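Below is one structure, written out as structure tokens; comments come after it.
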Amino acid sequence: ATYRHNLDAPVSAVDLCGVTADQLASLRANTWLLSPPCQPYSRQGLQLGQLDKRASALLHLIEVLQSCGPDVLPTYLLLENVVGFESSGTRCQLHAALRSRGFAVCELWASPAQFRVPNQRTRYFLLARRGQDFPPPPPAIAPLLLCPADLEATRALQ
222 ATYRHNLDAP VSAVDLCGVT ADQLASLRAN TWLLSPPCQP YSRQGLQLGQ LDKRASALLH
282 LIEVLQSCGP DVLPTYLLLE NVVGFESSGT RCQLHAALRS RGFAVCELWA SPAQFRVPNQ
342 RTRYFLLARR GQDFPPPPPA IAPLLLCPAD LEATRALQ
């Protein structure tokens, strides 16, 4: 309802577990904004990751991303999830798929409050840009970035 109210655009509900590359190509979306269910990765839950059925839509999108033609690929991709996602097998799959398709990837932990949104909950963010590296981050953002060595060390602890 919020989307329809603010954009006056048609809304279509689709089960992402079955979306095809052709359907995505028809949208001609240059940006994918993803906020998949957090329960498979939450420190408060069972942390089943890929074994949790709620992860299936994201896993399917990763498969499509790996196998689709270049006309389907977005220029930008943003994924938001709970702290803990960064050490999951799903994150590793997504990262590998993005890198293999020519995306630069930047990952960070941030709280919306750091961007003047009144919410004090730290989240994991993955930003990806196809065909171009990211410029150096502004000083306020640099401390939030996750370096690959830290991510691998976190994963090894599990």
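Residue numbers (my numbering): 222 to 379.
In this text, a Cβ means the ideal position worked out from N, Cα and C, and glycines have one as well.
Source: prediction; values computed, not measured.
Membership of Y345 in the beta strand (DSSP E) is indicated by the continuous run 344–351. Between L282 and D273, the gap from beta carbon to beta carbon reaches 9 Å or more. Of all C-beta pairs linking the stretch 332–339 to the stretch 281–300, fewer than three are shorter than 8 Å, placing the two stretches out of contact. Here the stretch 256–271 lies against the stretch 301–310, with 3 or more beta-carbon pairs under 8 Å apart. At least 9 Å separates the beta-carbon of L279 from that of L329. For F355, the three-state secondary structure derived from DSSP is coil.
According to DSSP, residue pairing for F324 in a beta bridge involves R351. Here Y297 carries a strand assignment [DSSP, helix/strand/coil]. For a cut-off of 8 Å, the C-beta gap from A242 to G290 is around 7 Å, short enough to register as a contact. L286 is not a Cβ neighbour of A276, given a cutoff of 9 Å.
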